[in-house]
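Quick note: the sequence shown, position 371, residue 821 per this note's numbering, numbers continuous.
Note that beta-carbon positions come from the ideal geometry of N, C-alpha and C, so glycine has one too.
The structure under discussion appears below in the form of structure tokens.
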Amino acid sequence: MSDQYQAFAKSPIGKFVIKNLGLPSPTPLDRFQAGAPVIDGAVLLGAAVNSTLTGAISQVLSNIHADTYAGNNAQLQQTAAEVGLNLRAFNSGDKESKFKALVFDASGIENADQLKDLYNFFNPVARQLEASGRVIVIGTTPEKAGSVSAAIAQRALEGFVKSVGKEFKRGVVAELVYVDKGAEANLESTLRFLLSPRSAYVSGQVIHVSKGKAVKIDWAQPLAGKTAVVTGASRGIGEAIAHVLARDGAHVICLDIPPQQADLERVAGEIGGSVLALDITAADAGEKIKAAAADKGGLDIIVHNAGVTRDKTLANMKPELWDMVININLASNAVSYTHLTLPTNREGLNANGRIVCVSSISGIAGNLGQTNYAASKAGVIGLVKFTAPTLKNGITINAVAPGFIETQMTAAIPFAIREAGRRMNSMSQGGLPVDVAETIAYFASTASTGLNGNVVRVCGQSLLGA
Ligand code: NAD
């Protein structure tokens, strides 16, 4: 599971070889450390004329005490002052200053000409972003724009952001956030996640924030008092999810198949959680999950992480390999829909509950030898998209789609394919289980009321399906 190439790239001889052969040079990514501020470095804030989200963005920057700079923009300065954000002056001729994040409110861009505002903000400072820096562009949902020119201009932001993600290198990530009208108060969990190293391996993503109930939380313990079930929690990504949700304050019920009992007990012991040894494909799995949470105030969060691969080209695939992958990866995800959220079972998931599914970039791009797996993971996206608008009581459903993550699952891939998967992304490295876990914790956050129906890839902007 170790990335020997990355270790070699850091050595003096490795640096020499990589530079001269033009090989990818992975930058060690910043990752969340307990007690660290949301963002460790300066933020440069900009806004297009008549942008409507600057107040909400400034409020978040003020809440996290970000060291924020802005150029000469009277409208922005006035809006920031109104919410108590202390903006420091930045002169674009200053080439010495370094920033950890470049944040641009593009909501005022209503036609193709005004897209030049993006160029004018980012071009002069493109070389002044630190390693593991953040580029965040915030716009309004193109499909809900007031005119065709605004829809074109807002959608154009996506091409810009995804290209920046591919250009900036050195662990820099670039994201686009579309905010619905009236959803300004729901932006905070998203901005905090994207500004912080919790989103280390999330790049080139488009996140939609819709209007939800505004909830006040303790950001140090965003899941305090919540009960979560994590399937496949005995190892790999599931183990990391269990740890991160527990760190954020949740009681975690760790679920895995009975043969994994010993590892399950180890993980649950480390985080003060409980154990549920259960095959998620069992007919009564939904009932058993509900029963396990009954004495803990009911279930608030379910994370469908359990999954398997059984790779073979279609011509060589035995029917039992097809059935196994579809049953575990897909049918089990429907448990939360059929057992926990149908009107007759609404008590199965508490109000403001969270369902988070684990898809895969294979489900978006398809993959050789993975007709069964890719079908199952595409189906997970179908579940999320269909279910999201039907949910009531503040319950949300979202999915993460990991790319190449360093686990036992990817360690089993043949060497050449494994190396290609690891390097073919904007970070030139695989992600860690904790990167997927942090993204799941963001969706699971009590404050993420405005996130419903999103599929966010945790893939370092993999070229697969990009
Ligand atoms: P893993 O094989 O290390 O862990 C999967 C866990 O699921 C295991 O503990 C296994 O026992 C459990 N499980 C399998 N069948 C089960 C069942 N019927 N009931 C209950 N538990 C069951 O895999 P991982 O790499 O940690 O992957 C976790 C999830 O992430 C999977 O859904 C996988 O498809 C997805 N994913 C992983 C990657 C990656 O690069 N590792 C990429 C994309 C998606």
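- Setting aside the 5 residues that flank it on each side, Ala838 is surrounded in the same chain by Ile847, Asn902, Gly903, each with a C-beta closer than 6 Å to its C-beta; the list follows chain order.
- A distance criterion of 7 Å places the beta-carbon of Thr731 in contact range of the ligand NAD, judged by its closest non-hydrogen atom.
- Counting along the chain, Arg868 sits inside the alpha helix (DSSP H) bounded by residues 865–873.
- DSSP places Leu641 inside the alpha helix (DSSP H), whose first and last residues are 638–645.
- Within 7 Å of the C-beta of Phe854 there is at least one heavy atom belonging to the ligand NAD.
- Where Asn779 is concerned, the enclosing alpha helix (DSSP H) starts and stops at 769–779.
- Of all alpha-carbon atoms in Ile845, Ile588, Lys612, Val598, the one lying nearest the alpha-carbon of Tyr628 is that of Ile588.
- With a threshold of 7 Å, the Cβ atom of Gly723 does not count as near the ligand NAD, since no heavy atom of the ligand is closer than that.
- Here DSSP, grouped into helix, strand and coil, assigns Ser660 to coil.
- Asn802 carries a strand assignment under DSSP once its states are collapsed to helix, strand and coil.
- Contact annotation: the stretch 639–656 touches the stretch 888–900, with at least three C-beta pairs closer than 8 Å.
- By the C-beta density criterion, Leu799 is buried, having at least 16 other C-beta atoms within 10 angstroms.
- Judged by beta-carbon spacing, Val753 lies within the 8 Å limit of Val680, meaning their Cβ atoms are closer than that value.
- Set against 7 Å, the gap from the CB of Thr857 to the closest heavy atom of the ligand NAD is smaller.
- The beta carbon of Gln911 sits no closer than 7 Å to any heavy atom of the ligand NAD.
- Assignment of Phe549 by DSSP, reduced to helix, strand and coil, places it in the strand class.
- For Asp706, the shortest C-beta to heavy atom distance toward the ligand NAD is below 7 Å.
- For a cut-off of 8 Å, the C-beta gap from Leu726 to Ala742 is around 5 Å, short enough to register as a contact.
- Annotation: Pro672 to Asp698 spans about 6 Å, alpha carbon to alpha carbon.
- Secondary-structure assignment with DSSP links Leu705 through a beta bridge to Thr681, Leu726.
- Bridge pairing for Val758: absent [DSSP].
- Nearest to Val806 by alpha-carbon distance, out of Val775, Trp772, Ser557, Ile845, is Ile845.
- Boundaries of the alpha helix (DSSP H) harbouring Asn822: 821–837, taken from the DSSP string.
- In the assembly as shown, Leu818 is an exposed residue. Its beta-carbon has fewer than 16 other beta-carbons within 10 Å.
- Setting aside the 5 residues that flank it on each side, His515 is surrounded in the same chain by Pro487, each with a C-beta closer than 8 Å to its C-beta; the list follows chain order.
- Ala524 is the residue among Glu532, Lys550, Val533, Ala524 whose C-alpha sits nearest the C-alpha of Ala539.
- Taking 4 residues as the minimum length, the alpha helix (DSSP H) runs contained wholly in the stretch 588–648 are 598–617, 638–645, in order along the chain.
- Ala744: not part of any beta strand (DSSP E); member of the alpha helix (DSSP H) spanning 735–744, first to last residue.
- The ligand NAD approaches Gly682 closely enough that one of its heavy atoms is under 7 Å from the residue's Cβ.
- Rounded to whole angstroms, the separation of the alpha carbons of Asn536 and Gly682 is 46 Å.
- Relative to the non-hydrogen atoms of the ligand NAD, the Cβ of Arg685 comes within a distance shorter than 7 Å of at least one.
- Judged by their CB atoms, Gln820 and Ser812 are nearer to each other than the 8 Å cut-off.
- If you draw a straight line from the Cα of Gly910 to the Cα of Ile855, it comes to about 10 Å.
- Inclusion of Val622 and Ser684 in the CB contact set at 8 Å is not warranted, their separation being larger than that value.
- Apart from the 5 residues on each side of it in sequence, Tyr519 sits with its Cβ closer than 8 Å to the Cβ of Ala492, Val493, Leu494, Leu495, Leu537, Arg538, Ala539, Phe540, Ser547, Phe549 in its chain, given in chain order.
- At the C-beta level, Leu728 and Ala718 stay beyond 8 Å of one another.
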